[in-house]
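A quick write-up on the structure given underneath.
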Amino acid sequence: MKKNDKLGFGTLAIHAGQEPDPNNGAVMVPIYQTSTYVQKSPGVHQGYEYSRTDNPTRTAYQALVAALEGGKYGLAFASGLATTNTILQSLKKGDHVLVCDDVYGGTFRLFDKVWTRTGIEFSFVDFTDLKKFEAGFKSNTKMVWIETPTNPMLKIIDIKSCAEFSKKKGATVVVDNTFMSPYFQKPLTLGADIVVHSVTKYMNGHSDVVGGVAITSDDAIYKELKFLQNASGAVPAPQDCFLVMRGIKTLHVRMERHAQSAMEIARYLEKHPKIDRVIYPGLESHPGHAIAKKQMSGFGGMITFFLKGDLAKSKKFLESVKIFALAESLGGVESLIEHPAIMTHASVPAETRKVLGIHDNLIRISVGIEDIADLKADLEQALDQV
Ligand SMILES: *Cc1c(COP(=O)(O)O)cnc(C)c1O
0 MKKNDKLGFG TLAIHAGQEP DPNNGAVMVP IYQTSTYVQK SPGVHQGYEY
50 SRTDNPTRTA YQALVAALEG GKYGLAFASG LATTNTILQS LKKGDHVLVC
100 DDVYGGTFRL FDKVWTRTGI EFSFVDFTDL KKFEAGFKSN TKMVWIETPT
150 NPMLKIIDIK SCAEFSKKKG ATVVVDNTFM SPYFQKPLTL GADIVVHSVT
200 KYMNGHSDVV GGVAITSDDA IYKELKFLQN ASGAVPAPQD CFLVMRGIKT
250 LHVRMERHAQ SAMEIARYLE KHPKIDRVIY PGLESHPGHA IAKKQMSGFG
300 GMITFFLKGD LAKSKKFLES VKIFALAESL GGVESLIEHP AIMTHASVPA
350 ETRKVLGIHD NLIRISVGIE DIADLKADLE QALDQV
């Protein structure tokens with residue numbers, strides 16, 4: 000195979016990190032369902048000793064995700080939050096983390112309810128306002144946590160500007176790239192030090208695995224995270240590594256369809272008399288549209304909108320959809336719909352939700368890759384019920 004940097008995204012998605020098995024020609028990387036490996040003599044082995052430390056299925060998967068993000072190293076974990084948790088273990092008491100205000104609810108809970116116990120400080124700031132972002136730095140700021148587009152308000156944060164300023168301050172920049180996937184956004188090329196994904200979402204894309212990855216090109220960061228991965232042990236099982244690799248083989252094709260259908264649905268909702276406001280980075284009306292166009296090569300499959308009316312109307316609408324499944328999560332081939340205030344963002348305090356704009360008439364959809372005509376008809380009939 001040619002070197003990774005010469006190959007297109009789709010070719011990498013299918014081949015990177017994966018070679019036919021030299022022993023038997025198997026085209027797909029086997030599920031190495033083993034916890035341990037035989038040694039010829041104490042300490043003499045073929046690179047594998049114990050599967051918490053390394054497993055050949057995981058090795059292939061980690062090389063694959065690294066190639067897709069244009070990074071040197073990939074590290075896989077048992078969930079997106081296990082990835083985040085392990086990265087936080089690289090900090091120490093007294094350190095400060097600057098976090099964008101509208102992060103994934105579970106990330107917020109992990110920072111605010113768990114990591115504050117260890118004497119690490121967090122502040123949550125609106126990173127779309129660069130003045131507020133810069134003012135958020137303290138003398139002990141060691142890490143900057145960016146998620147863009149944010150969830151569920153789909154705010155667009157300028158990764159390059161934030162990374163440049165953070166670098167001057169000596170803080171490590173982490174970008175949660177779950178919503179865009181490397182197909183549409185490559186944060187390492189914009190100055191991020193670490194990219195994280197909940198592969199549970201678009202990367203795997205089939206709603207049948209919970210997992211996470213971190214990617215970096217920095218040797219020292221890799222060394223530390225590799226140490227922590229083994230030392231704390233939140234690693235994925237070989238079967239899950241295999242499943243995510245299989246899911247990734249169609250990532251480029253899926254993302255194209257997600258984005259194409261989301262654009263069409265966003266335009267449809269924008270014109271609908273029962274919808275108050277639609278938030279989708281691909282719409283000219285989105286306040287972050289210009290930055291989105293600059294740092295993303297597509298706008299993704301997530302749409303947030305405000306229904307005209309109250310909680311009762313929102314519930315009626317959510318109970319009426321037939322193809323869209325009323326469920327948490329996102330990024331799968333099937334379309335999902337949810338109510339952030341009651342479902343995904345219930346762990347965010349009501350006061351904070353209000354400030355962020357997560358009201359009772361706010362609805363989030365993850366546009367799947369079903370036929371667009373069926374998706375639109377489903378939304379139409381459910382809106383008719385309201
Ligand atoms: C789901 C999600 C996570 C957490 O990942 P899990 O795999 O559920 O642990 C983190 N960030 C974002 C943006 C997510 O959507």
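Just so we're aligned: 20 in numbering that gives the first Met the number 0 is position 21 of the sequence shown, and the numbers increase by one with no gaps anywhere. C-beta: ideal position from N, C-alpha, C; glycine also. Computed from a predicted structure; not experimentally measured.
The DSSP-derived three-state label of D111 is helix. Taking C-beta atoms under 8 Å as the contact rule, G299 and A258 qualify, at a distance of about 6 Å. CA-to-CA, the gap between T58 and I357 works out to about 40 Å. Secondary structure note for H344: it is in no beta strand (DSSP E), with a DSSP letter that is neither H nor E. M295 and F183 have their C-alpha atoms spaced approximately 5 Å apart.
Here the region 86-102 lies against the region 149-156, with 3 or more beta-carbon pairs under 8 Å apart.
With 16 or more neighbouring CB atoms inside 10 Å of its own CB, S165 falls in the buried class. Just measuring C-alpha positions, the residue of A66, V195 and L224 sitting nearest W144 is V195. In the structure shown, the three-state DSSP call for D239 is helix. In this structure A230 is exposed. Its beta-carbon is surrounded by fewer than 16 other beta-carbon atoms within 10 angstroms.
M142 and V174 do not touch by the CB rule: their CB atoms are close to 12 Å apart, not below 8 Å.
Every alpha helix (DSSP H) of 4 residues or more that sits fully in the region 143-218 is shown, in chain order, as 158-168 and 180-183.
Beyond the five residues adjoining it in sequence on each side, G308 comes within less than 7 Å, by CB distance, of N360 and V385 in the same chain, given in chain order. A contact between stretches requires three or more CB pairs, one per stretch, nearer than 8 Å, and the region 194-212 fails this requirement with the region 124-137.
Counting along the chain, the unbroken alpha helix (DSSP H) around T83 starts and ends at G79 to L87. Excluding residues up to 5 positions away in sequence, K248 lie with their Cβ nearer than 6 Å to the Cβ of I13 in the same chain. Going by C-alpha positions, S89 is about 23 Å away from K159. Across the structure, T171 and Y47 are spaced so that their CA atoms are roughly 31 Å apart.
With a cut-off of 8 Å on Cβ pairs, the region 221-241 is in contact with the region 59-78, counting three or more such pairs. One Cα belongs to V277, the other to I302, and the distance between them is close to 7 Å. Measuring C-alpha to C-alpha distances from K270 to each of G16, P237, L306 and T33 identifies L306 as the nearest.
Excluding the 5 residues flanking it on each side, P339 has same chain C-beta neighbours closer than 7 Å at P151, I357, L361 and R363, in chain order. Taking a 10 Å sphere around the C-beta of D192, we find 16 or more other C-beta atoms and assign the residue as buried.
Here the alpha carbon of A162 sits roughly 7 Å from the alpha carbon of L189.
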